[in-house]
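See below for the structure under consideration.
Residue numbers (the working numbering): 116 to 411.
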């Protein structure tokens, strides 16, 4: 049974108040991050995705793992994936130990056979596909744009853009059988604010912003919604390179960004976008950036 919106807000408010009262004399950036984790731990699952089957690519650590966990906490059966078997095994065990409904399979999204096996795995286990989260991405180069090679560009666009489209294409027929579905494509704030030292990656993320909108228009008649997440600076291994650069610092300071985001803060938005509460949201790229992209 779904928790009423007012009651749900009350749970969140109570959790926040408890944490603030306990730590009111030690309010700093590090504490804020820990406080958020406390809120997530105190909140009960709303089961807004009860019975749904969700595929999450690139989901054995960081943002992908947080999304897989949140979806399972919200009632979904999750099929996670990664390029390495040991990472898949570790993530599956971790989430199963938490009592969650998860399975996993090795999948390099740049390989067609792997994409097909991922789709097949979900169908064999659960007989349907309701949700697809395209999170897998690569960034093989950091440096001056003119130092990039053709091979680097091909790798970035093969994994980040082309494979995202092909994953959606493979999932669509099965979502149609269910009468519809939901897709979330993970992009980045660098799609809006390109950083030259990660040029190919930034441009691939800009491309995903457009792909999200065009897919939404194309799949709307099939009752399949497609939305994107333009993620900010999140505490993951993937973003370490950006956090250590003076160029990024020059962007963050004027915007007043006081801390990096946590993977769980992205996961909650993704769950919302795939729930009935977001049934009238389609073709949008939602910025999860701590006001980095805030504007009228």
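Where a beta carbon is used, it is the ideal one built from N, C-alpha and C, also for glycine.
Spatial distance of residue i from residue j (CA atoms)
i	j	result
residue 189	residue 261	45 Å
residue 297	residue 180	19 Å
residue 347	residue 393	21 Å
residue 386	residue 257	32 Å
residue 413	residue 248	Look at the range of the chain in this structure, 116 to 411, and you will see that residue 413 is not part of it.
residue 198	residue 161	31 Å
residue 201	residue 195	13 Å
residue 236	residue 375	35 Å
residue 280	residue 326	8 Å
residue 156	residue 240	Residue placement at residue 156 cannot be trusted, given a pLDDT of 47 that sits under 50; the coordinates are not used to answer.
residue 168	residue 339	14 Å
residue 317	residue 328	18 Å
residue 395	residue 309	30 Å
residue 263	residue 353	19 Å
residue 212	residue 335	38 Å
residue 292	residue 324	27 Å
residue 259	residue 272	18 Å
residue 330	residue 276	13 Å
residue 337	residue 265	37 Å
Contact belief for residue i with residue j at Cβ below 8 Å, rounded distance in angstroms
i	j	result
residue 377	residue 401	Their Cβ separation, rounded to whole angstroms, is 16 Å, which puts residue 377 and residue 401 out of contact at 8 Å.
residue 351	residue 177	4 Å
residue 397	residue 341	7 Å
residue 289	residue 243	7 Å
residue 389	residue 246	5 Å
residue 164	residue 191	4 Å
Continuous alpha helix (DSSP H) stretch holding residue i: start and end
i	result
residue 289	278-292
residue 218	Taken as a continuous stretch (DSSP letters only), residue 218 belongs to no alpha helix (DSSP H), being part of the beta strand (DSSP E) at 217-221.
residue 234	227-241
residue 316	314-334
residue 386	378-388
Cut-off 7 Å between Cβ atoms - residues of its own chain near residue i, not counting five sequence neighbours on either side
i	result
residue 224	172, 230, 251, 274, 278, 282
residue 187	193, 210, 215, 216, 217
residue 303	320, 345, 346
residue 332	398
residue 270	253, 255
residue 311	260
Neighbourhood of residue i by C-beta, 8 Å cutoff - its chain only, sequence neighbours within 5 removed
i	result
residue 267	255, 256, 315
residue 203	175, 195, 196, 197, 219, 220, 221
residue 384	344, 401, 403
residue 185	379, 382, 383, 385, 386
residue 238	244, 289
Exposed unless 16 or more other CB atoms sit within 10 angstroms - verdict on residue i
i	result
residue 294	exposed
residue 406	exposed
residue 300	buried
residue 391	exposed
residue 166	exposed
residue 306	buried
residue 322	buried
Extent of the continuous beta strand (DSSP E) run through residue i
i	result
residue 169	168-171
residue 202	Not the beta strand (DSSP E): residue 202 falls in the alpha helix (DSSP H), residues 200-212.
residue 249	246-249
residue 196	192-197
residue 344	339-346
residue 298	296-303
residue 400	400-403
Contact set for residue i: own chain, Cβ-Cβ below 6 Å, skip 5 residues either direction
i	result
residue 183	171, 174, 193, 195
residue 226	none
residue 234	285
Proximity test, residue i beta-carbon vs the ligand PLP heavy atom, cut-off 7 Å
i	result
residue 247	Absence of the ligand PLP is noted for the structure shown, with no ligands found whatsoever.
Chain D contact for residue i (CB, 8 Å cutoff)
i	result
residue 266	No chain D appears in the structure shown, which is made up of a single protein chain.
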